[in-house]
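A.B. asks:
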Amino acid sequence: MGCHLYRARKMAAPGRHTAEDVKRQLASQNGLCYWCQQPLETYQVDHLIPLARGGSNGPENIVCACQSCNSRKHAKMPWEFAGRLL
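Going letter by letter, the sequence shown gives residues 1 to 86 in the numbering used here.
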């Protein structure tokens with residue numbers, strides 16, 4: 001999570017999430033990737049609205065994603081990426 005906080009500060013993104021926020025989000029997703037719904041053995045914190053596109057670093061803007069989905073989503077908006085999953 002440290003690199004996300006660094007990048008958020010660097011980009012002056014508002015908000016800040018904690019490890020507890022991430023745990024709550026993972027539990028709300030039932031341990032599944034937010035995007036592909038596959039079980040997560042490991043996960044990455046993804047920003048629904050990318051920091052590079054004005055998203056916040058607060059808990060309301062984070063989801064847990066598998067490495068593959070997070071890498072493919074990159075700085076896309078949710079509606080730009082979700083169609084690629086179909």
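Heads up, the beta-carbon is just placed ideally off N, CA and C, and yes, glycines get one too.
Since the structure is predicted, the reported quantities are computational estimates derived from the model, not experimental observations.
#1: Grab me the residues of D46's own chain with a C-beta within less than 6 Å of its C-beta, minus the 5 sequence neighbours each way, in chain order.
#2: Out of curiosity, what's the CA-to-CA distance linking L40 and T18?
#3: Strictly under 8 Å for the Cβ-Cβ distance: is N57 near chain D by that measure?
#4: State the beta-bridge partners of D46 as determined by DSSP.
#5: Report the partner residues of P39 according to the DSSP bridge assignment.
#6: So what's P78 in DSSP terms, helix, strand or just coil?
#7: Please state whether DSSP places A19 in a helix, a strand or coil.
#8: Expressed to the nearest angstrom, what Euclidean distance is found between the alpha-carbon atoms of A82 and A13?
C.D. replies: This is what the structure holds:
#1: V63, A65 and N70
#2: 19 Å
#3: Judged by its chain identifiers, the structure shown contains no chain D, having just a single protein chain.
#4: V63
#5: L32
#6: helix
#7: helix
#8: 24 Å
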